[in-house]
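Peer 1:
There are 2 protein chains.
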Amino acid sequence: MTADASTAPPPGKRARNRAAVEAEILVVARRHLATEGAAALSLRAIARDLGMVSSGIYRYVESRDELLTRLIVDSYRSSAQAVRSAHDVVPADDLAGRWRAIGHGLRTWALRHPHDFTLLYGSPVPDYEAPADRTGEPGTAVLAILVTLVVDTRDAGRLADPDQLGLGVDSTATNDTRHQAVAAGPAVDLDAAVGPFLRDPMFASTGLDPAALAQGLCAWTLLLGAVTSEIFGQLGPVPDPDALFEVLLTAAGSTILSANGLPPTSP
Amino acid sequence: MTADASTAPPPGKRARNRAAVEAEILVVARRHLATEGAAALSLRAIARDLGMVSSGIYRYVESRDELLTRLIVDSYRSSAQAVRSAHDVVPADDLAGRWRAIGHGLRTWALRHPHDFTLLYGSPVPDYEAPADRTGEPGTAVLAILVTLVVDTRDAGRLADPDQLGLGVDSTATNDTRHQAVAAGPAVDLDAAVGPFLRDPMFASTGLDPAALAQGLCAWTLLLGAVTSEIFGQLGPVPDPDALFEVLLTAAGSTILSANGLPPTSP
DNA sequence: CAAAAGCAAGAGCACTGCTCACATTTATCT
DNA sequence: AGATAAATGTGAGCAGTGCTCTTGCTTTTG
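So the protein lines, in turn, are chains A and B. The opening position of the first sequence corresponds to residue 1 in full-length UniProt numbering, with each subsequent residue numbered one higher. The opening position of the second sequence corresponds to residue 1 in full-length UniProt numbering, with each subsequent residue numbered one higher.
1. Of all the CB atoms in chain B, is at least one closer than 7 angstroms to the CB of Glu246 (chain A)?
2. Contact criterion: CB-CB distance below 7 angstroms. Does Val165 (chain A) meet it with respect to chain B?
3. Pro131 (chain B) versus chain A: which residues are under 9 angstroms apart at the beta carbon?
4. Measure the CB-CB distance between Ile145 (chain A) and Val83 (chain A) and report whether it falls below 7 angstroms.
5. For the region 78 to 112 of chain A, enumerate the residues whose C-beta is nearer than 8 angstroms to any C-beta of chain B, in chain order.
6. Using the three-state DSSP reduction, which class does Val238 (chain A) fall into: helix, strand or coil?
7. I'd like to know if Ala39 (chain B) contacts chain A, where contact means its C-beta is closer than 7 angstroms to some C-beta of that chain.
8. Compare the C-beta of Ile256 (chain B) against all C-beta atoms of chain A and say whether one is closer than 7 angstroms.
9. Note down the Cα distance separating Val247 (chain B) from Gly56 (chain A), rounded to an integer number of angstroms.
10. Smallest Cα separation from Ala92 (chain B): which of B:Leu149, B:Thr255, B:Leu235, B:Ala110?
11. Do you know whose CA, among A:Arg44, A:Arg98, A:Glu66, A:Gly236, lies nearest Gly253 (chain A)'s CA?
12. For the putative contact between Ser258 (chain A) and Ala160 (chain A), defined by C-beta atoms under 8 angstroms, what is the C-beta separation to the nearest angstrom?
13. Name the DSSP beta bridge partners of Leu159 (chain A), please?
14. Quick one: what does DSSP say Thr172 (chain B) is sitting in, helix, strand or coil?
15. Closest to Glu36 (chain B) by CA distance: which of B:Arg134, B:Pro114, B:Thr221, B:Pro201 is it?
16. Express the C-alpha separation of Gly207 (chain B) and Gly139 (chain A) in angstroms, rounding to a whole number.
17. What's the gap between the Cα of Ala38 (chain A) and the Cα of Glu62 (chain A)?
18. Only counting runs of 4 or more residues, tell me where the alpha helix (DSSP H) segments fall wholly within the region 9 to 64 of chain B, in order along the chain.
19. Determine the closest residue to Phe245 (chain B) out of A:Asp191, A:His87, A:Arg44, with distance taken between C-alpha atoms.
20. Are the C-beta atoms of Asp155 (chain B) and some chain A residue less than 7 angstroms apart?
21. Quick check on the burial criterion: 16 or more other C-beta atoms within 10 angstroms. Buried or exposed for Asp176 (chain B)?
22. Tell me, to the nearest whole angstrom, how far the beta carbon of Leu120 (chain A) is from that of Ile72 (chain A); I am working on the premise that it is less than 8 angstroms.
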């Protein structure tokens, strides 16, 4: 009634309330996610917590899947930010330290938000297909950090020897001169495996070679496997999870970083 | 009425029917699992498919969790058998071939039964805690196969150099003489990480040393990470999944197998 | 000021896991 | 053989879920 125009900008009291409710829904959803887990996420329960009737929540969130998508995007951001902030405090030339920061950053984030981690890297939620146009880009954020580390490692000439992993260097030159895998195994076609990735805009500017990217993927897969294994308890009761992770993290790091600080080809 | 005793042995018609129904339930449950996924498993739907009333199924399966446990144990058996049969066809002295057989065995099983794989290695089913006394032993079956491979590899003197992974050999001797991890990283305490495992009856007879076990765990974690990543699509659309898996499998194998078929300490 | 758009509320549908009381069938004991 | 006990089938019912639709009310907008 007596409200003048200056205190009622285009975002009117209605729009403001809507934004507040939407945010509140996300907050409550995150709380439920943290305590109950993803599949137990109930729109009705959220509505109840917010003091609104069950059907009312559909004014703010289209469906349960929509809510999940928002949480996923949110979690990707959260994890990437956690990893990034852990990574950025170590000096750029401390390559090993940066790797360890990435690994520990991801792990401690996962331990702190196990359900969020599950949402991102666990089995897909039933009857839910993540929309690639919304979860695609945020999903690569933490991998992108790892890529910059691989690039810097290569630039510093400290990239580990691909032969150590059974990945031949010659496979990049000629396509039919494939490298023989671990002692008489069949062929490993590096270019087929990771070549198309390198043509991706995300990598094109880095000038990475297939072997280096493959090494990076090994490190990433091993790291993610280590965290997954711990969060999901796949190895049963582990006596000293910290020590075990340290071992796996070190091993994963050694796939991209030469261990002794010297270029791989030196004696 | 005219049935004589010879056609009615101790397993009477009632027990036989019960066994049949229980088996049938598992069959239908597996079918639902394959088509709908784990979280969509509905006892009512199964009962409906079996032509019995919804409450009737509780005469045969205690609860939904009980059904899940049976499926999980079943899947562990199925996967272990798949891996084992793939592994057993390659000659015992072809160590690399055995590793590849294990990896491919697990992967093809997972690709053929994605929901079963999810049940075992995906995010835990909400509100379900796997009873360790029933899922514990079957869960280690395929890992056990890998352990025998590591043991045989050591016996053949073809174990990869632990230093390649940044895992020092001296950490087994003195406890405070810890190995420095990748270039100036903190300590890696191998004994703390895997020592207690070695005291386990499963390993005690093998005489494995901590470094070798750690290498095995690296291989396992990387392998499982690779399969998980593919089944769950964690890397987005991969151009050539077979080639990528080949790369990761080879890399994982190189953590336990010396690449050139020679003992690690030779020039 | 009136029309339009946004919102809260409630009823309702189809589904879930699970329990309970009741009737029927089968196995076992006397 | 007959009584008794155990196992099995049936249907109703409770509390919960996602989601839709209609009915009124409030805020914003022309």
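For each residue, glycine too, the CB sits at the ideal point set by N, CA and C. It should be emphasised that the depicted structure is a prediction, and the values quoted were computed from it without experimental measurement.
Peer 2: In terms of the structure at hand:
1. yes
2. The amino acid occupying residue 165 (chain A) in the given sequence is Leu; Val does not appear at that position. Yes, because at least one Cβ of chain B sits closer than 7 angstroms to the Cβ of Leu165 (chain A).
3. Correct list: empty, because the minimum Cβ distance to chain A is about 13 angstroms.
4. yes
5. Asp94, Leu95, Ala96, Gly97, Trp99, Arg100
6. coil
7. yes
8. no
9. 51 angstroms
10. B:Leu149
11. A:Arg98
12. 5 angstroms
13. A:Leu257
14. Confidence at Thr172 (chain B) is low in this model, with a pLDDT of 40, below 50, so the placement of that residue should be treated as unreliable; the coordinate-derived value is given next. Thr172 (chain B) falls in the helix class under three-state DSSP.
15. B:Pro114
16. 43 angstroms
17. 17 angstroms
18. 13 to 36, 43 to 49
19. A:Asp191
20. no
21. In this prediction, Asp176 (chain B) scores a pLDDT of 41, lower than 50, which makes its location untrustworthy; no coordinate-derived value is stated.
22. 7 angstroms
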